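Report on the structure given below.
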Amino acid sequence: MASLTDTDRLLRTISEAMYGETKFRIHNEGQRATGSPIGKYNDKYLQVRIGKYNRTSDTDVIFSLTGAMENNYKVIAISDTEYGLGFDNPSEGQKSVWLAERFGNDIWALSESELEQVNAIVQEFVNNAFK
């Protein structure tokens, strides 16, 4: 039986679930937490992406060029009792700050469906604690 005091397991489970969801949404689908697109590449930058980095001609902004930032995105232990999503490489963390300033902080936030998943995880945790 799970214990309601096993918050470490709960918080880690939530963080791991949201890691997969947010990574795909941001780095593959190019969506904000609202579901709208992050933005569109301008023609000059798009040509660099295609020519130098062998990327597609898709004009939708995704936070991926070399793969370094998306590969460094992970579940981070913030303290002994807290987890979050972020970067342990300062350079990648700075990129995320710059991107948030350029495109908006709502990109890194959780979407409505992601928040619903968090609620479902918490509900399952509570239900299991009383089995």
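So the sequence shown is residues 19 to 149, counted in this note's numbering. We put the beta carbon where it would ideally sit given N, CA and C, even for glycine. These numbers were taken from a predicted model, which means no experiment stands behind them.
Looking only at DSSP bridge pairs, what is residue i linked to?
i, result
"glycine 102", "Ile94"
"lysine 149", "Partner(s): none; lysine 149 has no beta bridge."
"lysine 58", "Asp78"
"glutamine 49", "Pro55"
Which of helix, strand or coil does DSSP assign to residue i?
i, result
"aspartate 78", "strand"
"asparagine 107", "coil"
"tryptophan 152", "The question about residue 152 has no answer, for the chain in this structure spans 19 to 149."
How should residue i be labelled, buried or exposed, when 16 other C-beta atoms within 10 angstroms of its C-beta is the threshold for buried?
i, result
"glycine 48", "buried"
"tyrosine 63", "exposed"
"leucine 133", "exposed"
"arginine 27", "exposed"
"tyrosine 59", "buried"
"phenylalanine 105", "buried"
Could you pull out every residue in the same chain whose Cβ sits closer than 7 Å to the Cβ of residue i, ignoring the five residues on either side in sequence?
i, result
"aspartate 124", "Arg50, Ala51, Thr52"
Alpha carbon to alpha carbon, what distance is there between residue j and residue i?
i, j, result
"aspartate 76", "phenylalanine 143", "41 Å"
"glutamine 135", "glutamine 141", "10 Å"
"arginine 120", "valine 79", "12 Å"
"isoleucine 32", "alanine 86", "24 Å"
"isoleucine 56", "arginine 43", "10 Å"
"valine 115", "asparagine 145", "38 Å"
"arginine 150", "asparagine 46", "In the structure as shown, the chain starts at 19 and stops at 149, and residue 150 therefore has no counterpart that could be examined."
"leucine 22", "phenylalanine 148", "9 Å"
Would a check of beta-carbon distances place residue i closer than 8 Å to chain B?
i, result
"glycine 69", "You won't find chain B in this structure, because it holds only one protein chain."
For residue i, collect the residues of the same chain with a Cβ closer than 8 Å to its Cβ; drop the 5 residues on either side in sequence, then sort them by chain order.
i, result
"leucine 117", "Phe81, Ile125"
"alanine 95", "Tyr101"
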